[in-house]
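In the numbering used here, the protein residues as written are 344 to 718.
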Amino acid sequence: MKHFAIVMLILVLAAPEAAWGSGLTQRDWMRSLVEALGLSFGLPDEPEDEDYLRILSGRRTLRVEAEEALQPESLVSVKDFPHFGPFSGAGWVSGIAMPTTARLSFLLPLRGTYQVTAMVRLPGHVIHLGGQEFRASGAHEFVSVDLGPVTLEAGEQEVIVHLPPNGAIDYLDFRAPELATIAPLGGWQPERPLTREDLGATALQALDLLDILPEGPAELVIEAEDAEDTGGAAVVSIRYLGAPSGGRWLRATTSPAEVVLSVSVRRSGVYRLTLVGAGNLPARVKINDEPHREISWPSYLAETSADSVYLAAGRHRIQVDLPPGVGLDVVRLQELLSGAVDIKRLTGRAVGFEGTLADEMDDLLALLAVVGVFH
Numbered sequence: 344m345k346h347f348a349i350v351m352l353i354l355v356l357a358a359p360e361a362a363w364g365s366g367l368t369q370r371d372w373m374r375s376l377v378e379a380l381g382l383s384f385g386l387p388d389e390p391e392d393e394d395y396l397r398i399l400s401g402r403r404t405l406r407v408e409a410e411e412a413l414q415p416e417s418l419v420s421v422k423d424f425p426h427f428g429p430f431s432g433a434g435w436v437s438g439i440a441m442p443t444t445a446r447l448s449f450l451l452p453l454r455g456t457y458q459v460t461a462m463v464r465l466p467g468h469v470i471h472l473g474g475q476e477f478r479a480s481g482a483h484e485f486v487s488v489d490l491g492p493v494t495l496e497a498g499e500q501e502v503i504v505h506l507p508p509n510g511a512i513d514y515l516d517f518r519a520p521e522l523a524t525i526a527p528l529g530g531w532q533p534e535r536p537l538t539r540e541d542l543g544a545t546a547l548q549a550l551d552l553l554d555i556l557p558e559g560p561a562e563l564v565i566e567a568e569d570a571e572d573t574g575g576a577a578v579v580s581i582r583y584l585g586a587p588s589g590g591r592w593l594r595a596t597t598s599p600a601e602v603v604l605s606v607s608v609r610r611s612g613v614y615r616l617t618l619v620g621a622g623n624l625p626a627r628v629k630i631n632d633e634p635h636r637e638i639s640w641p642s643y644l645a646e647t648s649a650d651s652v653y654l655a656a657g658r659h660r661i662q663v664d665l666p667p668g669v670g671l672d673v674v675r676l677q678e679l680l681s682g683a684v685d686i687k688r689l690t691g692r693a694v695g696f697e698g699t700l701a702d703e704m705d706d707l708l709a710l711l712a713v714v715g716v717f718h
């Protein structure tokens with residue numbers, strides 16, 4: 344499928360220049376992209392730029408405040424006093440002196456299998472969501488209760504909460520693994536004129552083809568033992584799991600470790616992120632404020648890829664969350680040639696122009712819809 348997508352992408356982006364459109368912006372492409380990828384079910388009736396950006400960010404974490412999602416027919420009240428411990432948002436939903444039902448509704452931007460957590464007070468709550476029934480019991484004060492996994496489609500969701508006498512619910516948390524971000528290099532700027540570079544970069548991301556960009560001259564190597572903060576991980580020199588770079592590496596003890604490294608890049612662009620580590624439990628890596636990426640290694644030192652990321656010139660923070668017993672040796676950032684010339688060359692196009700074709704954009708949207716990428 345990837346070979347087919349590469350061929351089709353080259354054909355689409357190699358269209359003749361004669362029919363150039365005018366006035367198209369990144370906003371036009373952003374909105375059309377969400378529609379073509381079949382992601383519009385996660386939009387509200389009157390979407391704003393932020394709604395499109397949320398979907399294309401790939402973030403699948405959501406907190407639903409009960410008092411905001413509450414439907415008016417519910418026989419409950421909203422309170423905001425802290426007698427039962429800290430609460431989130433403007434308040435919390437309180438039951439009455441007898442069992443009652445609260446109906447909540449909210450918009451889920453992206454489909455997926457979510458781990459759901461409820462913040463409730465008192466035992467005996469029954470929660471209906473996604474065709475499943477969950478039971479949640481709190482204490483005198485609010486308690487966070489893991490309900491378990493539920494698979495949901497994007498769009499409007501209904502939650503029915505049966506509260507015990509004087510029960511209460513503060514919020515529901517939804518978490519699923521983050522999906523790949525789709526954005527022009529440097530991020531979305533909705534008012535900016537759309538260029539072929541924008542089309543190429545976002546199409547490569549949507550088709551999971553960013554790694555086919557040619558390698559550049561720069562490779563940055565960060566030794567884990569030189570981390571700004573080891574998070575409690577021990578510096579070890581054991582070699583029976585493989586030969587560590589520089590002779591030493593970090594290994595979490597019986598507790599998890601949050602390792603923080605910093606790196607400076609001289610040129611803005613796309614970098615392939617790989618990490619050398621060891622351990623049978625999955626770890627997570629986060630760059631700046633990007634979503635977490637899950638990675639895993641075998642029981643011995645080996646290199647694994649965390650895909651590619653756009654980095655602006657300057658200093659960046661890399662956080663690696665290690666489960667107990669899991670180790671980190673090296674973090675590598677390999678520069679990929681991702682300038683306008685490189686992307687145009689990759690997609691079979693000569694250089695020396697700006698703007699884009701309306702027809703070409705439509706062709707690319709059709710390709711993305713047919714290939715069935717992203718989610």
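Glycine included, each C-beta is placed from N, C-alpha and C at the ideal position.
In this text the structure is predicted, and so the values were computed from the model without any measurement.
- With the rule of 3 Cβ pairs closer than 8 Å, the region 448-462 counts as touching the region 477-494.
- The three-state secondary structure of E484, taken from DSSP, is coil.
- G455 carries a strand assignment under DSSP once its states are collapsed to helix, strand and coil.
- For R591, the closest of I565, E678, T538, R402 by C-alpha to C-alpha distance is I565.
- In the DSSP annotation of this structure, L552 is not part of any alpha helix (DSSP H), being labelled neither H nor E.
- Where S598 is concerned, there is no enclosing beta strand (DSSP E), because DSSP gives it neither an H nor an E.
- Using a 10 angstroms sphere on the CB of H426, the tally of other CB atoms stays under 16, which defines it as exposed.
- Within its own chain, the residues whose Cβ lies closer than 6 Å to the Cβ of G585, once the five positions on either side in sequence are excluded, are Y643, L644, listed in chain order.
- A straight-line Cα-Cα distance of about 34 Å links A656 and L451.
- In its chain, beyond the 5 residues on either side, V459, T460, A461, I470, F477, A479 have a beta carbon closer than 7 Å to the beta carbon of L490.
- A residue is called buried when at least 16 other Cβ atoms come within 10 angstroms of its Cβ; A576 meets this threshold and is buried.
- The Cβ atoms of L472 and V502 lie closer than 7 Å to each other.
- For L506, the three-state secondary structure derived from DSSP is strand.
- DSSP places V619 in no alpha helix (DSSP H) but in the uninterrupted beta strand (DSSP E) bounded by 612-621.
- Here V377 carries a helix assignment [DSSP, helix/strand/coil].
- Between V579 and L616, the C-beta spacing is not below 7 Å.
- When the alpha-carbon of F384 is set against those of Q500, V673, E637, the nearest one is in Q500.
- With contact defined as three or more Cβ pairs closer than 8 Å, the region 558-572 and the region 605-612 are in contact.
- Apart from sequence neighbours up to five positions away, the residues of its chain that approach L418 with a beta-carbon distance below 6 Å are T443, ordered along the chain.
- Less than 7 Å separates the beta-carbon of L453 from that of R403.
- Between the beta-carbon of L376 and that of L396 there is about 11 Å, and that puts the pair past the 8 Å contact cut.
- The beta carbons of L386 and D394 sit closer together than 7 Å.
- Following the DSSP letters along the chain, one finds A412 inside the alpha helix (DSSP H) bounded by residues 409-412.
- The continuous stretches of beta strand (DSSP E) do not include D569, and DSSP gives it neither H nor E.
- The beta-carbon distance between A567 and V669, rounded to whole angstroms, is 11 Å. This is too long to meet the 8 Å contact definition.
- One thing to note: H659 has its Cβ no nearer than 7 Å to the Cβ of V603.
- Around G467, the same chain offers S480, P507, G510 as residues with beta carbons nearer than 7 Å, after the five sequence neighbours per side are excluded.
- DSSP, read as helix, strand or coil, puts S383 in helix.
- Between the alpha carbons of P641 and L528 lies a distance of about 33 Å.
- With at least 16 other beta carbons inside 10 angstroms of its own, R636 counts as buried.
- For L515, the uninterrupted beta strand (DSSP E) run begins and ends at 511-518, by DSSP.
- Out of L665, P634, Q548, the CA that lies nearest to the CA of A626 is found in L665.
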